[in-house]
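Going by the working numbering, the first residue of the sequence shown is number 15, and it counts up by one from there. Worksheet for the structure shown next.
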Amino acid sequence: MKFIYLLKTGFRDPYENMAIDEALMEFVKKEGIPVLRFFNFSPPSTTIGFHQRIEEWLLELEKKGIPWVRRPTGGRAVFHDGDLTYSLTFPEDHEIFGGSVPVSFMKISRGFKRGFELAGIRVELESKKGIKGTGFCFSATSLYEFTINEKKIMGSAQVRRDGVVLQQGTIVIRYPSPPFPHVPGMGAIEEVKEISLEELQDKMVQGFQEVYGIEFKPLSLSSLPPVPVEKYRSREWNWKESRPRQ
C-alpha cells in the first residue's frame with residue numbers, strides 16, 4: 015500500500031506556520047513523498063496571498079493585536095480564528111495528486127469531500143468559478159471549493175516551484191471573533207454541526223485513506239530542513255507587493 019506522511023503541528027504563530035510549509039517543499043523535493051499537514055494559529059492571525067496588496071483594514075487589525083503574514087501561495091486574505099488549516103505538499107507529477115492546477119484541485123477535493131461525509135457534514139462542491147469577490151478569500155468561491163447553504167466554508171490556493179506543489183487551505187469551523195470583520199459569503203461548520211478540531215482532522219485523514227487507498231506515516235519537525243521563520247517575520251517578505259491602499 016502506498017503511503018504519505020502526516021504532520022500535525024498544532025497551534026503556532028503565523029510566521030512559523032508559513033515557514034514550516036516552505037521547509038516541507040524542500041523536504042518533498044528531496045524525498046519525493048507527499049506530506050499532509052494540519053495546523054492552527056495562535057494568536058488569531060491573518061494570512062494574505064502572495065500577490066495581494068496591503069490595505070488599511072489589515073493594518074487596523076494589526077493595531078488591535080492581530081498579526082499578519084504573506085503566504086507563499088496565491089489567493090486572498092484569510093482570517094485564522096476557529097479554523098482548521100491544512101497543507102498538502104507533493105511532487106508535481108505525483109500519481110495520486112499530480113496534474114494541472116484545476117486537475118490537482120479536483121483530485122485533492124475528493125479526499126476532503128469523503129472526510130466531510132464521514133464527519134456527518136453535508137457540503138456542496140463548487141463546479142464553477144464564482145463571481146469576483148472582495149480581498150477576502152471567503153467572499154467568493156472557486157472551482158472545487160466547499161460550501162454549506164451556499165456559503166463558503168473551505169478555500170485553498172497553490173504555489174509550484176522546482177517540481178513541487180504546495181497547496182494550503184482553511185476549513186472554517188466557527189466564525190472568527192471580533193476584531194475580525196464580518197465577511198459576506200463566509201460560512202462555518204458550526205451552523206450545522208458541533209465538531210472539535212481533533213475529530214475533524216481524524217475524519218479527513220480517514221477520508222484520504224479511503225479515497226486514495228493510502229496509509230499515513232507520522233512525520234516530525236526534526237526531519238525537515240531548517241525552517242526559515244525569520245524570512246516570514248521580515249518586512250522585506252511581507253511588504254513586498256505594495257504600500258497600503260487608501
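All C-beta atoms in this analysis are idealised placements derived from N, C-alpha and C, irrespective of residue type, glycine included. Note that this is a predicted model, so its numbers are computed, not measured.
For Tyr-246, the uninterrupted alpha helix (DSSP H) run begins and ends at 243 to 247, by DSSP. For Lys-22, the uninterrupted beta strand (DSSP E) run begins and ends at 16 to 26, by DSSP. Annotated three-state conformation of Pro-105 is strand, per DSSP. Within the segment 203 to 240, the complete alpha helix (DSSP H) segments of 4 residues or longer fall at 211 to 226, listed in chain order. Counting only runs of at least 3 residues, the segment 122 to 200 fully encloses the following beta strand (DSSP E) elements, listed from N- to C-terminal order: 160 to 162, 165 to 175 and 178 to 186. According to DSSP, Val-49 shares a beta bridge with Tyr-19 and Thr-103.
For Trp-71, the secondary structure class from DSSP, reduced to helix, strand or coil, is helix.
In the DSSP assignment, Arg-84 falls within the beta strand (DSSP E) that extends over 82 to 84.
Beta-bridge annotation (DSSP): Leu-98 is paired with Ile-185.
Straight across, the Cα-Cα distance linking Ser-123 with Lys-43 is about 23 Å. In the same chain as Arg-188, and ignoring 5 residues on each side of it, the C-beta atoms closer than 6 Å to its own belong to Gly-96, Ala-202 and Glu-204, in chain order. With at least 16 other beta carbons inside 10 angstroms of its own, Asn-54 counts as buried. For Phe-150 and Leu-50, the gap between their C-alpha atoms comes out near 25 Å.
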